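In my numbering, the protein residues as written are 481 to 627.
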């Protein structure tokens, strides 16, 4: 298993204009407690094509870059590499489904770089990926309720 693609969609009770910023590196800091990106470029963490940041440590240290920033259509794509195991493209698209409802489409394309990466990919079953993204929904709904 060298390469897999996983997709899942969730709905959140926010207008698309409010939902989309939650999927930027800074926006994710608002709803993921242990999400602590270290911004390399630009240093203020502003999302733009070409931005670079890191997350994690040790074998899970991950380097990220924004490869598509299209806020006018509520789409963002990242390339990320965890050198100890895997590479991935991550795409998030937000689609208005009502004045206060947004569908979030999440797609990961992951490639194992070695045996450790093959283990990670094997663990990312369709069910595990769905559970991860549904977990995002729970965290976002908690964040909305607090604010």
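Virtual Cβ for every residue (Gly too), placed ideally from N, Cα, C.
The structure displayed is predicted, hence computed values, not measured ones.
Quiz item: Does residue 574 come within less than 9 angstroms of chain B when only Cβ atoms are used?
Solution: In the structure shown, chain B does not exist; there is a single protein chain.
Quiz item: Just the Cα atoms here: how many angstroms apart are residue 558 and residue 487?
Solution: The alpha-carbon atoms of residue 558 and residue 487 are separated by roughly 15 angstroms.
Quiz item: At a cut of 8 angstroms, does the stretch 609–626 reach the stretch 526–540 through at least three beta carbon pairs?
Solution: no
Quiz item: For residue 527, which of helix, strand or coil comes out of DSSP?
Solution: Secondary structure at residue 527: coil, using DSSP grouped into helix, strand and coil.
Practice problem: Please name the residue, chosen from 541, 571, 590 and 626, that lies closest to residue 489 on a Cα-to-Cα basis. | Solution: 571
Quiz item: Counting along the chain, where does the beta strand (DSSP E) carrying residue 509 start and finish?
Solution: Unbroken run through residue 509: none, as it is neither H nor E.
Quiz prompt | residue 582 beta carbon less than 9 angstroms from that of residue 483 | solution = no
Quiz item: How is the beta strand (DSSP E) around residue 544 delimited, first residue to last?
Solution: 542–550
Quiz item: Between residue 495 and residue 592, is the Cβ-Cβ spacing less than 9 angstroms?
Solution: No, the pair does not count as a contact, with Cβ atoms beyond the cut-off.
Exercise. Let me know if residue 526 comes out buried or exposed under the rule of 16 or more other beta-carbons within 10 Å of its beta-carbon.
Key: exposed
Exercise. Please state if the CB of residue 554 and the CB of residue 485 are separated by a distance shorter than 9 angstroms.
Key: no
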